[in-house]
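Q: The following block contains the structure, expressed as structure tokens.
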Amino acid sequence: MSDLDRRKFLKLAGLIGITAAMPFSFARAADKPLVVGFVYVGARDDFGYNQAHAQAARIIRSMPNVKVIEEENVPETSAVQQAMEAMIRQDGAELIFATSFGYFDPHVLRVAQRYPDVRFAHCGGLWDESKHPKNVGSFFGYIDEGQYLNGVVAGHMSKTKRIGFIAAKPVAQVLRNINAFTLGARSVDPEITTTVIFTGDWSLPVREAEAANGLIDQGCDVLTCHVDGPKVIVETAERRGVMSCGYHASQAALAPNGYLTGAEWNWETPYRAHVEAAQKGETMNNFLRGGLAEGFVKASDYGPNVSAEAREQADAVKASMIAGEFTLFKGPLKDNKGNVVLAEGEALGQTDVVLEQMNYLVEGVRGDI
Amino acid sequence: MPGLPTVLSIISSFALFVLFLAFQGKPAFEALALVFEGAFGSSFAWENTLQRAAPLMLTALCVALPARAGLIIIGGEGALVLGGLAAATLPLWLTGLPPLATLIAMGMVAMLVGGFWIGLNGWLRQKRGLNETIGSLLLSYIAIALFNHLVEGPLRDPSSLNKPSTVGLDYSLMIGMISEDSFRVHWGLVAGIVACVLAYVLVRHSVKGFALDVVGGNVRTARMLGLPVNRLVILTCVLGGAAAGLAGMYEVSAVQGSANASLIVGYGISGILVSFAARHNPLAIIVCATLVGGIEASGSLLQRRLDLPDATTLILQGLLFTNLLAWEALVGRITQWRIRLEEHANKSKGAEVQHG
């Protein structure tokens, strides 16, 4: 019985497939636009990580002589290899933005080896000149600068001196954000503590809501987070009448009262750089990094209830960051177990890769890795 | 007509899918054509489809084999992740063997762990009276939690910074494609097909398979006949779990290169759909896994060409599953009705004879 189905099915599938495949192979003969593919790990409208990428992709779509193709909800399995190959083989993509960290090794590296003429720009990976292909590049932003600014504003606004931070996993990028936020808040008032809850994964809305309620019950009056979609957390904070700082994209629309500010990506900058380089045929920039000054990240507009002092100090810090005069991680710095991690006089510049390997929480953070 | 509900549900769910898209003002027939093009329209589409189908064949067996004995096991995901984890960590302790021997050992240990996990379900059901559906689901959550704990804790490679993983496999332990140039699908596909064929022989052409049908059909009859019910039930669970564990091993050694959270992407869940669509027939699993793999593969094309959201193919899969259940219930009802009619006819015929 099942054999018969299959045969029928194959015949039909083959017929439709062949007829449908015909016109597309002729389509790209003439003066062709640059086909740019975007692959996202989640939904494009998640009010978070993927939305930040999709927003920038929409801007790239309006660039001259560029055709954008997108695919969302692609897991970090062989599915992403298939998705990238399909973009190349079925749609003629010449530049692919792989936007999730877990796409890099082995997926992007493997596909890049097979298609040396296609450029692969990956978000967050550590490209290594000695072992990785030249048609692969990594780009990332120093969003901890935005988190520091969040901390400054939250530090001014908090009355209970307790701030809640809901984080996905205790990995380097997340720890760096928690630490930057805490340093910002404690630059206002060293009494402030940040209580961290790790949910265990990048997108667990139910657990994030539970964590948000738990932190508010403990007396936290500002919440912030590092998860893929801050939507639930910001909404919960608003409903419970506490303040929140956003992350990834602007969540201001979700919390018109309590939203203070947010650390947002501005992926347009690295995207544009890669697209322009590809259009001009320049060699690929394999390691692209930047912060506020370079326009890789930005801060959300201040919410209506942010006080004048808070705005003033945050603006001052922002100006000195943009001028390149600000060092975020400098000694003396202790972790929250009392060990010295940076001695007096030591300072780490933003480009220092040591920061991308962070494995501690600074003094003032309540929580364990 | 065991395949009838499947065929009917495929037809009706595609019809509903077209209606659904048309209702939203989307180009429905173009979308349908793209589904076929993306799934089966070119050799690349076939590779794409089969690559996605490969793990589903193995995880579907984890549902299909226990189902022969009347169990509904839905916890294949847990067996897959633990099998993958075992396979990824074995080479750290077992050094000095040639790559092929290590790979075989990895496959064995993955099957052992997966088999143990689902076997535990069978044991709990037979010996402790625990509902196997709920039990397997809960055990699967436990397996995933255990996996996360080990991968992010004791077994984590310290150099895996933002994506906790176990230590990467040596290059010699990576399973390649069946053919690098002409058929780029990894060897997991062959394993899946072989496993399905073996399972088919077991359930259809062996004494054990016949005994299983008796157990699945009516457990009291089986007990009365003196069949070792407990042993048979646990055996199907162990075999099913071994298949899912093997799927985990292939994900590690053919795709990921280490065990990490990317193993938990729902292969075990999709396997349930495949097995039900195949009506737990191991050979039909090969076809149905290809169909589901094809639908997933075509989602990619639908998004790129028509800007439809990813959920489009999920809707198609959901339609397929609900239609399947609906048709199965309906066909079952009709069959029962026919049997009753025939009985009735026989009875009245008998009565006539008596009268005559």
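Those sequence lines, one after another, are chains A and B.
So the first sequence is numbered by this note's numbering: it starts at 1 and just counts up by one.
So the second sequence is numbered by this note's numbering: it starts at 1001 and just counts up by one.
Yeah, the Cβ is synthetic: ideal placement off N, Cα and C, and Gly gets one too.
Here the structure is a predicted model, which is why all the values come from computation and not from measurement.
(1) Can you give the Cα-Cα distance for A:L109 and A:I96, rounded to whole angstroms?
(2) Below 9 Å between beta carbons: does that hold for B:M1174 and B:S1253?
(3) Does DSSP put A:H274 in a helix, a strand or coil?
(4) For the structure I just gave you, are there three or more beta carbon pairs, one from the region 1052 to 1070 of chain B and one from the region 1184 to 1200 of chain B, closer than 8 Å?
(5) Just verifying my parser: in three-state terms, what is the DSSP assignment at B:C1288?
(6) What in chain B is Cβ-close to A:G92, meaning under 9 Å?
(7) Can the beta-carbon of A:E238 be found closer than 9 Å to that of A:N257?
(8) Using CA atoms only, rank isn't needed, just tell me which of B:V1007, B:V1035, B:P1164 and B:A1031 is closest to A:W202.
(9) Are there 16 or more other CB atoms within 10 angstroms of the CB of B:Q1024, so buried, or fewer, so exposed?
(10) Can you pull the DSSP bridge partners for A:T224?
(11) How would you write the range of the beta strand (DSSP E) that B:A1039 sits in, first residue to last?
(12) If you measure from the beta carbon of B:Q1303 to each beta carbon in chain A, is any gap under 9 Å?
(13) Is the region 72 to 82 of chain A close to the region 1271 to 1290 of chain B, with three or more CB pairs under 8 Å?
(14) Just how far apart, CA to CA, sit B:A1211 and B:Q1256?
(15) Please classify A:L361: does DSSP put it in a helix, a strand, or coil?
(16) At the 9 Å Cβ level, is A:E71 part of the contact set with chain B, yes or no?
(17) So B:T1236 and B:L1112 are supposed to be a Cβ contact under 8 Å. How far apart are they, rounded?
(18) Per DSSP, what are the beta-bridge partners of A:R289 in this structure?
(19) Using a Cβ-Cβ cutoff of less than 8 Å, which residues in the same chain neighbour A:E309 once the five nearest sequence positions on both sides are dropped?
(20) Considering B:H1149, what are the terminal residues of the alpha helix (DSSP H) in which it resides?
(21) Cβ closer than 8 Å: which chain A residues qualify as neighbours of B:N1048?
(22) Would you call the region 1240 to 1253 of chain B and the region 1061 to 1077 of chain B in contact, with 3 or more CB pairs under 8 Å?
(23) Straight-line CA distance for B:A1086 to A:K131?
(24) Strictly under 9 Å for the Cβ-Cβ distance: is B:H1186 near chain A by that measure?
(25) Does the Cβ-Cβ distance between A:D117 and A:E85 come in under 9 Å?
(26) If you run the structure through DSSP and keep just helix, strand and coil, what is A:I69?
(27) Would you report the Cα separation of B:L1080 and B:G1271, rounded to the nearest angstrom?
(28) Provide the residue(s) that pair with A:D335 in DSSP beta bridges, ordered along the chain.
(29) In the region 92 to 122 of chain A, which residues sit with their C-beta less than 7 Å from some C-beta in chain B, listed in chain order?
(30) Less than 6 Å between C-beta atoms, sequence neighbours within five positions excluded: which residues of the same chain meet that for A:A299?
(31) Between A:T385 and A:I163, is the Cβ-Cβ spacing less than 9 Å?
(32) Applying the criterion that 16 or more other CB atoms from any shown protein chain within 10 Å of the CB defines a buried residue, is B:R1338 buried or exposed?
(33) Report buried or exposed for B:D1310, applying the criterion of at least 16 other Cβ atoms within 10 angstroms of its Cβ.
(34) If we cut at 9 Å on Cβ distances, does A:D144 have a partner in chain B?
(35) Quick check on A:P230 - is its C-beta less than 9 Å from some C-beta in chain B?
(36) By a C-beta neighbour count over all protein chains shown, 10 Å radius and 16 as the cutoff for buried, is B:M1224 buried or exposed?
A: With the given structure in hand:
(1) For the purposes of this step, residue 109 of chain A is taken as the residue at position 109 of the first sequence. For the purposes of this step, residue 96 of chain A is taken as the residue at position 96 of the first sequence. Taking the straight line joining both Cα atoms gives about 12 Å.
(2) Counted from its first residue, the second sequence places residue 1174 of chain B at position 174. Counted from its first residue, the second sequence places residue 1253 of chain B at position 253. Yes; because the gap between Cβ atoms is below 9 Å, this pair is in contact.
(3) Mapped onto the first sequence, residue 274 of chain A falls at position 274. Helix.
(4) By the criterion of at least three beta-carbon pairs nearer than 8 Å, the region 1052 to 1070 of chain B is in contact with the region 1184 to 1200 of chain B.
(5) Sequence index remark: in the second sequence, residue 1288 of chain B carries index 288 (1-based). Correct three-state label for B:C1288: helix.
(6) In the first sequence, the residue the question calls residue 92 of chain A occupies position 92. Ordered by position in chain B, no residue passes the 9 Å Cβ test against A:G92, which lies about 11 Å from the chain.
(7) Position 238 of the first sequence holds residue 238 of chain A. Position 257 of the first sequence holds residue 257 of chain A. Result yes, Cβ atoms of A:E238 and A:N257 sit closer than 9 Å.
(8) For the purposes of this step, residue 202 of chain A is taken as the residue at position 202 of the first sequence. Measuring from the Cα of A:W202, the nearest candidate turns out to be B:P1164.
(9) Position 24 of the second sequence, counted from the first residue, corresponds to residue 1024 of chain B. B:Q1024 is exposed by the Cβ-count criterion.
(10) In the first sequence, counting from the first residue as 1, residue 224 of chain A sits at position 224. Partner(s): A:F165.
(11) Your numbering for residue 1039 of chain B matches position 39 in the second sequence. No beta strand (DSSP E) contains B:A1039, which is instead part of the alpha helix (DSSP H) from A1028 to F1040.
(12) Here residue 1303 of chain B refers to the residue found at position 303 of the second sequence. Closer than 9 Å: yes.
(13) No contact exists between the region 72 to 82 of chain A and the region 1271 to 1290 of chain B.
(14) Here residue 1211 of chain B is taken as the residue at index 211 of the second sequence, counted from 1. Here residue 1256 of chain B is taken as the residue at index 256 of the second sequence, counted from 1. Approximately 40 Å, taken between the alpha carbons.
(15) Here residue 361 of chain A is taken as the residue at index 361 of the first sequence, counted from 1. Looking at A:L361 - three-state DSSP - the assignment turns out to be coil, as it is neither helix nor strand.
(16) Here residue 71 of chain A refers to the residue found at position 71 when the first sequence is read from its first residue. Yes, A:E71 counts as interfacial toward chain B.
(17) Here residue 1236 of chain B refers to the residue found at position 236 when the second sequence is read from its first residue. Here residue 1112 of chain B refers to the residue found at position 112 when the second sequence is read from its first residue. With a Cβ gap of about 16 Å, B:T1236 and B:L1112 do not count as contacting.
(18) By 1-based counting over the first sequence, the position of residue 289 of chain A is 289. A:F140, per the DSSP bridge assignment.
(19) Here residue 309 of chain A refers to the residue found at position 309 when the first sequence is read from its first residue. Hits under 8 Å: H156.
(20) To locate residue 1149 of chain B, count along the second sequence from 1; it is residue 149. First-last of the alpha helix (DSSP H) with B:H1149: E1132 to E1152.
(21) The sequence position of residue 1048 of chain B within the second sequence is 48, counting from 1. Going along chain A in sequence order, the residues near B:N1048 (Cβ under 8 Å) are Q82, E85 and A86.
(22) yes
(23) In the second sequence, residue 1086 of chain B corresponds to position 86, counting from 1. In the first sequence, residue 131 of chain A corresponds to position 131, counting from 1. Straight-line Cα distance between these residues: approximately 28 Å.
(24) As a first step, residue 1186 of chain B is located in the second sequence; it is residue number 186 there, counting from the start. Answer yes: the Cβ-Cβ gap between B:H1186 and chain A drops below 9 Å somewhere.
(25) Indexing the first sequence from 1 puts residue 117 of chain A at position 117. Indexing the first sequence from 1 puts residue 85 of chain A at position 85. No. Outside cutoff.
(26) In the first sequence, the residue the question calls residue 69 of chain A occupies position 69. Correct three-state label for A:I69: strand.
(27) Position 80 of the second sequence, counted from the first residue, corresponds to residue 1080 of chain B. Position 271 of the second sequence, counted from the first residue, corresponds to residue 1271 of chain B. Taking the straight line from one Cα to the other gives about 11 Å.
(28) For the purposes of this step, residue 335 of chain A is taken as the residue at position 335 of the first sequence. Under the DSSP definition of a beta bridge, A:D335 partners with A:V362.
(29) F101, G102 and P106
(30) As a position in the first sequence, residue 299 of chain A is number 299, starting the count at 1. Excluding sequence neighbours, A:A299 sits near G146, L149 and T261.
(31) Because chain A is modelled from 1 through 369, residue 385 of chain A falls outside the range shown and cannot be assessed.
(32) Stepping through the second sequence from its first residue, residue 1338 of chain B is reached at position 338. Classification for B:R1338: exposed.
(33) By one-based count along the second sequence, residue 1310 of chain B stands at place 310. By the 10 Å Cβ count, B:D1310 comes out buried.
(34) Locating residue 144 of chain A in the first sequence gives position 144, counting from the first residue. Among the CB atoms of chain B, none fall inside 9 Å of the CB of A:D144.
(35) Mapped onto the first sequence, residue 230 of chain A falls at position 230. Closer than 9 Å: no.
(36) Numbered from its first residue, the second sequence carries residue 1224 of chain B at position 224. By the neighbour-count rule (16 or more Cβ atoms within 10 Å), B:M1224 is not buried but exposed.
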